[in-house]
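Enquirer: Those sequence lines, one after another, are chains L and E.
Quick note on the numbering used here: the first sequence kicks off at 1 and runs consecutively.
Quick note on the numbering used here: the second sequence kicks off at 115 and runs consecutively.
I have a structure I would like to understand better, so I am pasting it below and will then ask my questions one at a time.
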Amino acid sequence: AAGVIQSPRHLIKEKRETATLKCYPIPRHDTVYWYQQGPGQDPQFLISFYEKMQSDKGSIPDRFSAQQFSDYHSELNMSSLELGDSALYFCASSYWTDSTDTQYFGPGTRLTVL
Amino acid sequence: EDQVTQSPEALRLQEGESSSLNCSYTVSGLRGLFWYRQDPGKGPEFLFTLYSAGEEKEKERLKATLTKKESFLHITAPKPEDSATYLCAVHQTGNQFYFGTGTSLTVIP
C-alpha cells in the first residue's frame with residue numbers, strides 16, 4: 001500500500017540558508033500535518049491543512065511557512081535557518097473513516113543545520 | 115497549563131508479562147487522544163484515536179481506554195517485537211496538538 005512520502009530524506013544546510021521540505025500524502029487523505037522532533041524529544045506540532053486550507057497552527061516559527069497544493073502535496077518552507085532547527089521533520093496524512101481519524105506518518109526528513 | 119504526561123518513562127517487561135502505560139492530560143477541550151508507537155529514527159506509527167470518556171479500542175495485544183483525565187494503553191502478553199517508545203498526543207479544541215514524552219518499553223525474551 002502507498003505510504004506518506006517525504007523528500008528529501010536528509011538535508012544539510014548552513015545557518016541563515018533556506019530549506020524546503022516536501023510531503024506527498026497517501027491518496028485520498030484530506031489532511032496533512034507537519035511535526036518537528038528534536039533529538040530525544042517528543043514531536044512538536046507545527047501546522048496542518050485540511051482540503052488545501054490551513055486548519056490548525058501549532059508552534060511554528062514565523063520563519064517557517066507551509067502550504068498545500070492542488071494535488072494535495074504539501075511543502076514546509078524554512079528560512080533564516082538556525083542551529084536549533086536541526087531536527088527530524090515528520091509529515092503525516094489522515095482521513096476520517098469508521099468514526100475515527102486515522103493518521104499515517106512519513107519516514108521524516110532529517111535536517112542538519114551547520 | 116495544558117500538558118500531557120506519560121508514565122512510566124521507561125518500562126522493562128518479561129515476555130508475556132502484561133502491563134499498562136498511562137497518559138494523563140490537563141488539556142482544556144479534547145478533540146481526540148492519539149496513541150502511537152515509535153521505533154528509533156522512524157516516524158510514529160498510528161495505533162488508536164479515542165474521542166470520549168469510556169471509549170475503548172483494541173488491536174492485537176494492545177487495548178486503549180480513555181477517561182476524562184487519562185488514557186491507558188494495556189499491553190497483554192507482550193512480545194519482544196512490541197519494544198518501542200509509545201507516545202500519546204492530545205488534539206485540543208483550540209487546535210493544538212500536545213504530545214507526551216513517551217514511554218520506552220523493552221520486552222525481554
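Virtual Cβ for every residue (Gly too), placed ideally from N, Cα, C.
Pull up the DSSP beta-bridge partners for S94(L), would you.
Expert: According to DSSP, S94(L) bridges with T31(L), Q103(L).
Enquirer: Taking T102(L) as the query, report the chain E residues whose CB atoms sit under 9 Å from its CB, ordered along the chain.
Expert: Residues of chain E passing the Cβ test: F160, T163.
Enquirer: Name the chain E residues that come within less than 9 Å of G108(L), Cβ to Cβ?
Expert: Under the 9 Å cutoff, chain E gives G155, K156, G157.
Enquirer: Counting contacts by CB-CB distance shorter than 9 Å, is G216(E) in contact with chain L?
Expert: Closer than 9 Å: yes.
Enquirer: Would the beta-carbon of P46(L) fall within 9 Å of that of L111(L)?
Expert: Correcting the residue identity first, residue 46(L) is Leu in this sequence and not Pro. Not a contact, by the Cβ cut-off of 9 Å.
Enquirer: Sort out for me which residues DSSP pairs F213(E) with in a bridge.
Expert: Looking at the DSSP assignment, F213(E) forms a beta bridge with A203(E).
Enquirer: Work out the CA separation of V113(L) and T92(E) for me, nearest whole Å.
Expert: Coverage of chain E is limited to positions 115 through 223, which leaves residue 92(E) absent and any answer about it impossible.
Enquirer: Looking at the C-beta of W88(L), does it have a partner C-beta in chain E at a distance below 9 Å?
Expert: The sequence as given places Leu at residue 88(L); Trp does not occur at that position. It does; some Cβ of chain E falls within 9 Å.
Enquirer: In its own chain, which residues sit with a C-beta less than 7 Å from the C-beta of E169(E), not counting the 5 before and 5 after it?
Expert: So the qualifying residues of the chain are L180.
Enquirer: Only counting runs of 3 or more residues, tell me where the beta strand (DSSP E) segments fall wholly within the segment 117 to 167 of chain E, in order along the chain.
Expert: Correct list: 118 to 121, 124 to 128, 133 to 139, 144 to 152, 159 to 164.
Enquirer: What number of angstroms, rounded off, separates the C-alpha of V204(E) from the C-alpha of R16(L)?
Expert: One C-alpha to the other measures close to 33 Å.
Enquirer: For the segment 182 to 204 of chain E, enumerate the residues whose C-beta is nearer than 7 Å to any C-beta of chain L, in chain order.
Expert: For the segment 182 to 204 of chain E, which is checked against every Cβ of chain L, the residues closer than 7 Å are L201.
Enquirer: Rounded to the nearest angstrom, what separates P223(E) and E131(E) at their Cα positions?
Expert: The alpha-carbon atoms of P223(E) and E131(E) are separated by roughly 10 Å.
Enquirer: Can you give me the Cβ contacts of A87(L) inside the same chain, cut-off strictly under 7 Å, excluding the 5 residues immediately before and after it?
Expert: Result list for A87(L): Q36, Q37, G38, L111, in chain order.
Enquirer: Where does Q103(L) land, buried or exposed, given buried means 16+ other C-beta within 10 angstroms?
Expert: The residue is buried, with at least 16 neighbouring Cβ atoms inside 10 Å.
Enquirer: Could you tell me whether the segment 192 to 207 of chain E touches the segment 135 to 150 of chain E, where touching means 3 or more Cβ pairs closer than 8 Å?
Expert: A contact exists between the segment 192 to 207 of chain E and the segment 135 to 150 of chain E.
Enquirer: What's the gap between the Cα of E195(E) and the Cα of L76(L)?
Expert: Cα-Cα distance, rounded: 34 Å.
Enquirer: Under a Cβ-count criterion, where at least 16 other Cβ atoms within 10 Å of its own Cβ denotes burial, should G106(L) be classed as buried or exposed?
Expert: Flag for G106(L) reads buried.
Enquirer: Determine the DSSP secondary structure at L176(E), reduced to helix, strand or coil.
Expert: Of the three classes helix, strand and coil, the one that applies to L176(E) here is strand, per DSSP.
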